[in-house]
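Protein chains in written order, with the working numbering: chain Z, 99 to 215; chain Y, 1066 to 1958. Note that beta-carbon positions come from the ideal geometry of N, C-alpha and C, so glycine has one too. On a predicted model such as this, the values are computed, not experimentally measured, just so you know.
Okay, here's the thing in structure tokens:
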């Protein structure tokens, strides 16, 4: 992981897109639904938000368009997107950051005075 | 097309706001994703779910597009974005609430903007609505474009269009070659019929129409039946059709079919009620009765019918004209004695109905549209100048980290709130104005029943004003977004020369001044013309004269003797009432439209047949000239001794004397009625009176001769004319009582002050003058607000500079002059643009003006002077403020 990326904070929508692509390549609407499900309905990107983010993340090398073609029963205009190695590591570092945050915050929120800094 | 396809199409249109690189690389994929979502929504929740999806998408795409273009930050407030909560719906609501609060903090500004919006939308919508109803809406008849008015023309009256003689109408109708499906006829003017109701005798507006008229129009009765062809014969039973409003107001909407009405002392059976708002051929009719003409007695030289024809499908207006001309030529050949010198003329019915109102309506619409344009410019001006003062606020917020998109979005919400409020105010104003104008409109305005508030016009006016407000309101935010925030901060702190930065504002002020000048000149011309009109001497003294009209019915006054006796008693007893100086009667009271004329032949100078002069005949009784104040210039007045048994004598007006006997004394000269070869008695001129207006102040005085009533006994209805010693209006009650005493069943068909008749005759020009003048005053006010706003802004921004100058020794007078000079440059530019526009626009008024040329230099100069003075005054306030600056304070700020 390059040094400068250590400081980058992904926007909620970017992280959600990366996480939605961890298991499989997805097309636009599947991506929108997965983001919504994963965020428990808190993020409901429309096509504008989603594709503006996808475009930005492609330029940053976090996601890439897949070579997978839509099947014969599918809408021919569909495109599939996958996560890149850089995307995976950006997601990893963001999740690790969140994990440390959770680790720090949970005992405090639970009111445990003995928790160390 | 399925719902999903429609939604896809709309969505495709929406996505054009996304940045190009997103569209280029993902266009098809975006469409596919939306199609997936839309199909999904439809299976889950049908059309409504698709609609919701589309709305969410619209907001999402707009937000994404804005964010991508603005870069950095987002539309959502920072905390919302980081918490990922609520979505943009909540943000929109919050921004709207913020917007309302922002306006409430500046109530003065918001009020001005609201009024400007409201005036623009209200006036334009109202005028367009009225014009649409009067000029453009299809007439409420079957295939109205095929309705044509057929008139005869008279060579002896310079080819003027006149009504049609019954036998000619009957011949036209039975002529299969005319290209008309059918023709119908009605008597030339609405009659005031006396109807005895439970509450007593009442005068109602009645039309006498041929039975087939309703079929020809394609209109049926609302209750019962309309008149039919079979009602028209003199032997068929007398029937009447009544108006919806009469049915409602006098019969309580109860069953009226079969009821018998006594109309002018004849029993008529009610057979039907016409639908509400049906009133052909005149407005506000109550009764329709059949013509019941006996063809045997009908006279081919008495032209009294208006004829309406329905063109056969496929026959053009031009072809029908040619065919009717041929038909008329055959009638002239067949009946040369009656028809020589006659012609035929056709008019499209709609054209004939509205042609008088057209120019005035279009001028009013034009004036209102200019006002809308001005309101748009004014609003843009307001928004820009307010934006300029808010640049610092924007810059500060931007520097503190507010995303540019966020700023733009918030300003947008703020302006949208104002636009919606102003729009609603405008709609209210328009509705109110339409009903007010329809109520105030002169009786001459045609098709008043067809005026309804027009949604298309309303939407256009709303869109225009809102667009100008919202667009120009966004300018300051975009300026900040363009990255001159740092500069704005610096300038805001110091305020250096404002010159070039406000060019947009200057252009708008110049435009407003120019538009205001156009309306001021137009309003000025109409006012000038109206002043000329009211200063016309009618030729009689209307002050203190009361008039009332009665028509003794033939049933109780069967012969000339009884009619003569009635009017002799009426005039005599009216003259003896307390408070009456003198009483008289006339058949053709000025400004009532009553008129009869006939051909005459002057002794010693016969003219070829069909080219005789036509002179008006006015039967009078009592001391008519003294009573209405028409001075006798030569000879003697009419006397009671000029009766049926004595020689025929008349008094002519000066115009007649000059036309018939130029350069000679008319008194003692003789003429006879009809053509030179007709064997009729000679008539002697015994006196000459001054000219009196007969039809209207702007009209030419007609050739007229006054007869003593006993020598012109065909006049069965008369106006009683009474000059009061004191207040004429107080004579109304005693005169009414007098008529009731003489004949309890006789209705007064028309009553009022003679002065009011003159006022009523100029109601139409007064109405349009008032409207255009109102528009002009509003335009002036708006342009002054605009000028004041810009000058105030200029001074506020140059405070620092002015402070420096004053500290360096500039005198207050010099500062004042400097600011005024800036304002004067704007005003001058407004005049340079506005003057040619005003001169050009005034040409549209040419047919509406009386005694004033459209290019009248005095009027245009006065309009310009008013604008210059008012605009300079608007500049004076900020200029004075500048000259009173305390240099120390100005520099410290």
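Checklist entry - Can the beta-carbon of residue 1403/Y be found less than 9 Å from the beta-carbon of residue 1365/Y? => result Along the second chain, read from residue 1 onward, the residue named residue 1403/Y stands at position 338. Along the second chain, read from residue 1 onward, the residue named residue 1365/Y stands at position 300. Contact flag set, yes.
Item to check | Sufficient close CB pairs (3 or more, under 8 Å) joining the region 1176-1186 of chain Y to the region 1481-1492 of chain Y | outcome: Cβ pair count under 8 Å is three or more, so yes.
Checklist entry - Does DSSP put residue 1561/Y in a helix, a strand or coil? => result Walking along the second chain from the start, residue 1561/Y turns up at place 496. Here the model assigns residue 1561/Y a pLDDT of 40, short of 50, so the residue's position is not dependable, and the following value carries that caveat. Here residue 1561/Y sits in coil by DSSP.
Checklist entry - In whole angstroms, what separates the C-alpha of residue 121/Z from that of residue 167/Z? => result Sequence index remark: in the first chain, residue 121/Z carries index 23 (1-based). Sequence index remark: in the first chain, residue 167/Z carries index 69 (1-based). One C-alpha to the other measures close to 18 Å.
Next on the checklist: Taking only three categories from DSSP, how would you classify residue 1145/Y?
Outcome noted: Taking the second chain and counting its residues from 1, the one referred to as residue 1145/Y is at position 80. Residue confidence for residue 1145/Y is low, a pLDDT of 41 falling below 50, so the modelled location carries little weight; the figure read from the coordinates is stated next. Residue 1145/Y: helix per DSSP, three-state reduction.
Item to check | Closest residue to residue 1100/Y among 142/Z, 170/Z and 126/Z (Cα-Cα distance) | outcome: Residue numbering aside, residue 1100/Y sits at position 35 when the second chain is read from its first letter. When C-alpha distances from residue 1100/Y are compared across 142/Z, 170/Z and 126/Z, the shortest belongs to 126/Z.
Next on the checklist: Using 8 Å for Cβ pairs, my map puts residue 1605/Y next to residue 1693/Y. What's the rounded Cβ distance?
Outcome noted: Against the second chain, residue 1605/Y aligns to sequence position 540. Against the second chain, residue 1693/Y aligns to sequence position 628. Yes, residue 1605/Y and residue 1693/Y are in contact; Cβ-Cβ is about 4 Å, under 8 Å.
Next on the checklist: According to DSSP, simplified to helix, strand and coil, what is residue 1228/Y?
Outcome noted: As a position in the second chain, residue 1228/Y is number 163, starting the count at 1. Under the three-state reduction of DSSP output, residue 1228/Y falls in the coil class, being neither helix nor strand.
Checklist entry - In chain order, which continuous runs of the beta strand (DSSP E) of length 3 or greater are located wholly inside the region 1660-1730 of chain Y? => result Here the runs fully enclosed are 1662-1667, 1678-1687, 1697-1700 and 1714-1718.
Checklist entry - Could you give the distance in angstroms between the alpha-carbon of residue 1587/Y and the alpha-carbon of residue 1598/Y? => result Numbered from its first residue, the second chain carries residue 1587/Y at position 522. Numbered from its first residue, the second chain carries residue 1598/Y at position 533. In this model, residue 1587/Y and residue 1598/Y are separated by some 16 Å (Cα to Cα).
Item to check | Residue-chain proximity (residue 1071/Y, chain Z), Cβ-Cβ < 9 Å | outcome: Counting from 1 along the second chain, the entry for residue 1071/Y is found at position 6. Chain Z, which has no Cβ nearer than 9 Å to the Cβ of residue 1071/Y, makes this no.
Checklist entry - Do three or more CB pairs link the region 1632-1647 of chain Y to the region 1864-1882 of chain Y at distances below 8 Å? => result Cβ pair count under 8 Å is below three, so no.
Checklist entry - Under the rule that 16 or more other beta-carbon atoms within 10 Å means buried, what is residue 1201/Y, buried or exposed? => result In the second chain, residue 1201/Y corresponds to position 136, counting from 1. Exposed, because fewer than 16 other Cβ atoms sit within 10 Å of the Cβ of residue 1201/Y.
Checklist entry - Pick from 1111/Y, 1125/Y and 1115/Y: whose alpha carbon is nearest that of residue 150/Z? => result By one-based count along the first chain, residue 150/Z stands at place 52. Nearest C-alpha to residue 150/Z: 1125/Y.
Next on the checklist: For residue 1582/Y and residue 1431/Y, I'd like the C-alpha separation in whole angstroms.
Outcome noted: To locate residue 1582/Y, count along the second chain from 1; it is residue 517. To locate residue 1431/Y, count along the second chain from 1; it is residue 366. About 14 Å.
Checklist entry - Under the rule that 16 or more other beta-carbon atoms within 10 Å means buried, what is residue 1647/Y, buried or exposed? => result The residue given as residue 1647/Y occupies position 582 in the second chain. That one is buried.
Checklist entry - Among 1771/Y, 1696/Y, 1778/Y and 1774/Y, which has the Cα closest to the Cα of residue 1624/Y? => result Here residue 1624/Y refers to the residue found at position 559 when the second chain is read from its first residue. In terms of CA proximity to residue 1624/Y, 1778/Y leads the group 1771/Y, 1696/Y, 1778/Y and 1774/Y.
Checklist entry - What's the gap between the Cα of residue 1024/Y and the Cα of residue 1231/Y? => result Residue 1024/Y is absent from the structure shown; chain Y starts at 1066 and stops at 1958.
Checklist entry - From this set, 1737/Y, 1736/Y and 1722/Y, which residue's C-alpha is nearest residue 1730/Y's C-alpha? => result Stepping through the second chain from its first residue, residue 1730/Y is reached at position 665. Among 1737/Y, 1736/Y and 1722/Y, the Cα nearest to that of residue 1730/Y belongs to 1722/Y.
Checklist entry - Which class does residue 1815/Y belong to by DSSP, given the choice of helix, strand or coil? => result Position 750 of the second chain, counted from the first residue, corresponds to residue 1815/Y. Of the three classes helix, strand and coil, the one that applies to residue 1815/Y here is strand, per DSSP.
Next on the checklist: Using 8 Å for Cβ pairs, my map puts residue 1274/Y next to residue 1396/Y. What's the rounded Cβ distance?
Outcome noted: Within the second chain, residue 1274/Y is the residue found at index 209, counting from 1. Within the second chain, residue 1396/Y is the residue found at index 331, counting from 1. So it is not a contact: roughly 23 Å between Cβ atoms.
Next on the checklist: Do residue 1165/Y and residue 1473/Y have their beta-carbon atoms positioned less than 9 Å apart in this structure?
Outcome noted: Counting from 1 along the second chain, the entry for residue 1473/Y is found at position 408. Counting from 1 along the second chain, the entry for residue 1165/Y is found at position 100. Cβ distance not < 9 Å, so residue 1473/Y and residue 1165/Y don't count as in contact.
Item to check | DSSP beta-bridge partners of residue 1749/Y | outcome: Counting from one through the second chain, the residue named residue 1749/Y turns up at place 684. Answer is 1714/Y and 1735/Y.
Item to check | Min CB distance residue 1083/Y to chain Z below 9 Å | outcome: Position 18 of the second chain holds residue 1083/Y. Yes, contact with chain Z.
Item to check | Assumed close pair residue 1617/Y, residue 1626/Y - CB separation to whole angstroms, cut-off 8 Å | outcome: The residue given as residue 1617/Y occupies position 552 in the second chain. The residue given as residue 1626/Y occupies position 561 in the second chain. Contact between residue 1617/Y and residue 1626/Y fails: their C-beta atoms lie close to 12 Å from each other, not under 8 Å.
Next on the checklist: Assuming contact is defined by CB atoms lying nearer than 9 Å, are residue 1284/Y and residue 1346/Y in contact in what I supplied?
Outcome noted: Position 219 of the second chain, counting from 1, holds the residue named residue 1284/Y. Position 281 of the second chain, counting from 1, holds the residue named residue 1346/Y. Against a cut-off of 9 Å, the Cβ pair of residue 1346/Y and residue 1284/Y comes out as no contact.
Checklist entry - Could you give the residue range of the beta strand (DSSP E) that holds residue 1766/Y? => result Taking the first residue of the second chain as position 1, residue 1766/Y is located at position 701. Boundaries cannot be given for residue 1766/Y, as no beta strand (DSSP E) includes it and DSSP labels it neither H nor E.
Item to check | Spatial neighbours of residue 1281/Y in its chain, beta-carbon cut-off 6 Å, leaving aside the 5 residues before and after | outcome: Residue numbering aside, residue 1281/Y sits at position 216 when the second chain is read from its first letter. Counting only residues of its own chain and dropping the five nearest sequence neighbours on each side, residue 1281/Y has a CB closer than 6 Å to the CB of 1247, 1249 and 1375.
Checklist entry - Which chain Z residues are close to residue 1338/Y, counting only those with a beta carbon under 9 Å from its beta carbon? => result Numbered from its first residue, the second chain carries residue 1338/Y at position 273. Taking the beta carbon of residue 1338/Y as reference, no residue of chain Z falls within 9 Å; the closest one sits roughly 60 Å away.
Checklist entry - So which residues of chain Y does residue 185/Z contact, with C-beta pairs closer than 8 Å? => result As a position in the first chain, residue 185/Z is number 87, starting the count at 1. Within 8 Å Cβ-Cβ: nothing; residue 185/Z doesn't reach chain Y, min ~17 Å.
Checklist entry - By how many angstroms is the C-alpha of residue 1702/Y removed from the C-alpha of residue 1751/Y? => result By 1-based counting over the second chain, the position of residue 1751/Y is 686. By 1-based counting over the second chain, the position of residue 1702/Y is 637. In a straight line, the C-alpha of residue 1751/Y is about 8 Å away from that of residue 1702/Y.
Next on the checklist: For a quick check, are the C-beta atoms of residue 1480/Y and residue 1577/Y less than 9 Å apart?
Outcome noted: For the purposes of this step, residue 1480/Y is taken as residue 415 along the second chain, with counting starting at 1. For the purposes of this step, residue 1577/Y is taken as residue 512 along the second chain, with counting starting at 1. No; because the gap between Cβ atoms is not below 9 Å, this pair is not in contact.
Next on the checklist: Measuring straight from C-alpha to C-alpha, what distance separates residue 1892/Y and residue 1920/Y?
Outcome noted: Position 827 of the second chain, counting from 1, holds the residue named residue 1892/Y. Position 855 of the second chain, counting from 1, holds the residue named residue 1920/Y. Going by the C-alpha atoms only, they are around 21 Å apart.
Checklist entry - residue 1994/Y bridges to which residues according to DSSP? => result The structure shown does not extend to residue 1994/Y, since chain Y is modelled only from 1066 through 1958, so no value can be given for it.
Checklist entry - Between the Cα of residue 1071/Y and the Cα atoms of 1105/Y, 1093/Y, 1112/Y and 1475/Y, which residue gives the shortest distance? => result Here residue 1071/Y refers to the residue found at position 6 when the second chain is read from its first residue. Proximity to residue 1071/Y across 1105/Y, 1093/Y, 1112/Y and 1475/Y peaks at 1112/Y, based on C-alpha coordinates.
Next on the checklist: For a test of the three-state rule: what should DSSP assign to residue 137/Z, helix, strand or coil?
Outcome noted: Against the first chain, residue 137/Z aligns to sequence position 39. In the structure shown, residue 137/Z sits in coil (DSSP, three-state: anything other than H, G, I, E or B).
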